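The numbers in my numbering rise by one with no breaks, and the one at position 103 of the sequence shown is 107. Think of the CB as a built atom: it goes at the ideal place given N, C-alpha and C, for glycine as much as any other residue. Being a predicted model, the structure only gives us computed values, none of them experimental.
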Amino acid sequence: MTATPTTALDDLPVSDVDPFAHDVLEDPLPVYQELREAGPVVRLSRYDVLALARYEEVHAAAVDWQRLESGAGVGLANYRTEQPWRPPSVLLEADPPRHDAPRRVLGRVLGQRALHRLRVRWVADAEQLVDEVLGAGLEFDAVRAIAQVFPLRVFPDAVGIGPEGRENLLPYGDHAFNAFGPPNDLVAKGEPRVAELSGWVGEQCAREGLTGDGFGAAIWAAADRGEITPQQAPLMVRSLLTAGVDTTVHGISAVLYGLASHPGEWDRLRADPSLARIAFDEAVRWESPVQLFFRTTTTDVPIGGTVVPAGRKVLMSYAAANRDPRRWSDPDRFDLTRDPSGHMGFGMGLHQCVGQHVARLEAEAVLIALSRRVRSIELAGPVRRHHNNTLRALDSLPLRLTLR
Ligand code: OVM
Numbered sequence: 005m006t007a008t009p010t011t012a013l014d015d016l017p018v019s020d021v022d023p024f025a026h027d028v029l030e031d032p033l034p035v036y037q038e039l040r041e042a043g044p045v046v047r048l049s050r051y052d053v054l055a056l057a058r059y060e061e062v063h064a065a066a067v068d069w070q071r072l073e074s075g076a077g078v079g080l081a082n083y084r085t086e087q088p089w090r091p092p093s094v095l096l097e098a099d100p101p102r103h104d105a106p107r108r109v110l111g112r113v114l115g116q117r118a119l120h121r122l123r124v125r126w127v128a129d130a131e132q133l134v135d136e137v138l139g140a141g142l143e144f145d146a147v148r149a150i151a152q153v154f155p156l157r158v159f160p161d162a163v164g165i166g167p168e169g170r171e172n173l174l175p176y177g178d179h180a181f182n183a184f185g186p187p188n189d190l191v192a193k194g195e196p197r198v199a200e201l202s203g204w205v206g207e208q209c210a211r212e213g214l215t216g217d218g219f220g221a222a223i224w225a226a227a228d229r230g231e232i233t234p235q236q237a238p239l240m241v242r243s244l245l246t247a248g249v250d251t252t253v254h255g256i257s258a259v260l261y262g263l264a265s266h267p268g269e270w271d272r273l274r275a276d277p278s279l280a281r282i283a284f285d286e287a288v289r290w291e292s293p294v295q296l297f298f299r300t301t302t303t304d305v306p307i308g309g310t311v312v313p314a315g316r317k318v319l320m321s322y323a324a325a326n327r328d329p330r331r332w333s334d335p336d337r338f339d340l341t342r343d344p345s346g347h348m349g350f351g352m353g354l355h356q357c358v359g360q361h362v363a364r365l366e367a368e369a370v371l372i373a374l375s376r377r378v379r380s381i382e383l384a385g386p387v388r389r390h391h392n393n394t395l396r397a398l399d400s401l402p403l404r405l406t407l408r
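Shown next, in the form of structure tokens:
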């Protein structure tokens with residue numbers, strides 16, 4: 005028997021790239037290719053962390069919750085040694101067994117059965133929005149006109165928060181996703197408003213301000229039944245408000261961008277609107293609205309021919325895995341004929357996005373409403389990127405439409 009040779013940590017490929025620098029956030033794809041080709045595990049000298057960029061290793065790390073924990077934080081900061089910027093999430097930043105009751109409850113509250121009654125309403129809401137937008141002209145910025153508007157119209161109502169202060173949701177989420185990265189200028193930009201925004205979000209999570217029929221009330225009802233504690237309930241509502249807005253805005257931007265920039269794909273969707281789900285998942289693969297999370301090793305973990313010692317932060321690049329040519333043919337192409345299932349854009353394993361059915365339903369409603377009225381979609385100018393440490397986002401998506 006021959007022992008598998010292992011690479012010593014000091015002999016790993018090293019990159020001095022900063023994945024959170026503005027030029028990389030503007031166009032991260034060359035860096036993702038460089039990291040994938042450097043090897044299965046790459047040391048990032050700037051932050052002294054290990055990075056995974058190939059599909060196989062990112063997938064294996066994501067599902068290995070036993071040896072790659074979330075409780076030390078899923079950003080660059082190690083919560084064992086550094087103070088978190090807010091009380092940790094009881095879902096995202098927790099491990100079994102503490103993670104499991106909140107996950108089970110939220111899985112039920114946001115499950116496909118629970119969403120069934122929202123479907124008809126959201127398609128009607130999307131048709132109304134599309135009518136308003138098209139009535140105002142056939143050239144517009146789809147981020148401002150659609151991608152930011154639709155989730156903010158339907159999701160806060162579905163959670164059951166009041167009408168005041170909803171403009172706080174996007175800036176709060178944007179800061180939360182910046183805070184998973186290093187303490188750079190993007191984090192500094194958000195800091196002046198953290199106390200105000202956190203205060204508002206905290207108020208929305210109390211049972212008193214929530215309507216009786218929303219996701220928030222369903223979470224509190226689970227606390228009444230003893231399925232979660234009354235301390236966990238408001239933090240679970242906070243998870244919805246943190247993770248459920250910016251992500252869907254950028255996901256809807258991404259699918260509209262994919263359709264507008266890949267001739268022929270809109271025709272396919274228009275001919276068969278049941279492709280709306282595939283289109284959205286393909287966009288989540290292609291753009292990866294959530295680009296990465298970190299985990300922390302709880303023990304020595306063999307990954308890609310090296311042994312990562314206990315207590316190290318490991319960057320899982322979902323976005324690089326989603327463009328890995330070892331896994332995907334023609335990975336840079338947005339393609340409605342491919343099967344995007346298995347993409348890493350919602351993560352994988354125990355922590356895989358619990359809100360993915362909500363996200364899909366929002367995107368589907370928008371795409372179905374558009375498919376009923378629109379013949380063609382094309383780019384009317386260059387897109388402008390919005391930079392965030394862990395989100396891939398558009399600030400502007402100029403579109404030109406024709407009607408059917
Ligand atoms: C949470 C949370 C926050 C940000 C992202 C996320 C993508 C979850 O508070 O649980 O998942």
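Fill in: Beta-ladder partner(s) of Arg2, from DSSP
Here the chain covers residues 5 to 408 and nothing more, so residue 2 does not appear.
Worksheet item: If you scan the stretch 284-331 from start to end, which runs of the alpha helix (DSSP H) of 4 or more residues do you find wholly inside it?
Response: 322-325
Fill in: One or two residues paired with Glu73 in a DSSP bridge
Thr300
Worksheet item: Alpha carbon to alpha carbon, what distance is there between Leu133 and Phe144?
Response: 13 Å
Worksheet item: Can you tell me the Cα-Cα spacing of Gln116 and His361, whole angstroms?
Response: So the two alpha carbons sit approximately 6 Å from each other.
Practice prompt. Report all residues from its chain with a CB closer than 8 Å to the CB of Met5; omit the five preceding and five following residues, and keep chain order.
Written response: Bear in mind that a pLDDT of 46 at Met5, under 50, signals an unreliable position, so the number given afterwards is only what the model happens to contain. Closer than 8 Å at Cβ, skipping near neighbours: no residue.
Worksheet item: Which residues bound the alpha helix (DSSP H) around Thr406?
Response: From DSSP, Thr406 is part of no alpha helix (DSSP H) but of the beta strand (DSSP E) over 402-407.
Item to complete: Taking the CB atoms as reference points, tell me whether Val182 and Leu201 lie closer together than 8 Å.
Response: Contrary to the premise, residue 182 reads as Asn rather than Val in this sequence. In this structure, Leu201 does not lie closer than 8 Å to Asn182 by Cβ.
Discussion item. Since Trp290 and Phe338 should fall inside the 8 Å C-beta cutoff, what is the C-beta to C-beta distance between them, to a whole number of angstroms?
Written reply: 5 Å
Discussion item. Let me check you understand the geometry: is the CB of Ser243 closer than 7 Å to at least one non-hydrogen atom of the ligand OVM?
Written reply: yes
Item to complete: Between the Cα of Asp22 and those of Leu122, Ala76, Leu80, Glu60, spot the shortest distance and give me the residue it belongs to.
Response: For the residues Leu122, Ala76, Leu80, Glu60, the minimum Cα distance to Asp22 belongs to Leu80.
Worksheet item: Secondary structure at Arg229, three-state DSSP: helix, strand or coil?
Response: coil
Item to complete: Measure the Cβ-Cβ separation of Arg272 and Ser375 and say whether it is below 8 Å.
Response: no
Fill in: Anticipated Cβ contact below 8 Å, Val45 with Thr310, distance rounded
5 Å
Discussion item. Can you tell me whether Asp15 is buried or exposed? The criterion is at least 16 other CB atoms within 10 Å of its CB, across all chains shown.
Written reply: It counts as exposed.
Item to complete: Say yes only if the C-beta of Leu173 is nearer than 7 Å to one or more non-hydrogen atoms of the ligand HEM, and no if none qualify.
Response: No copy of the ligand HEM occurs in the structure displayed; its ligands are the ligand OVM alone.
Worksheet item: Would DSSP call Val113 helix, strand or coil?
Response: helix
Worksheet item: Which one of Leu383, His390, Arg396 has the shortest CA to CA distance from Ala323?
Response: Arg396
Fill in: Option nearest Ala221 by Cα separation, candidates Val378, Arg170, Pro160, Arg316
Pro160
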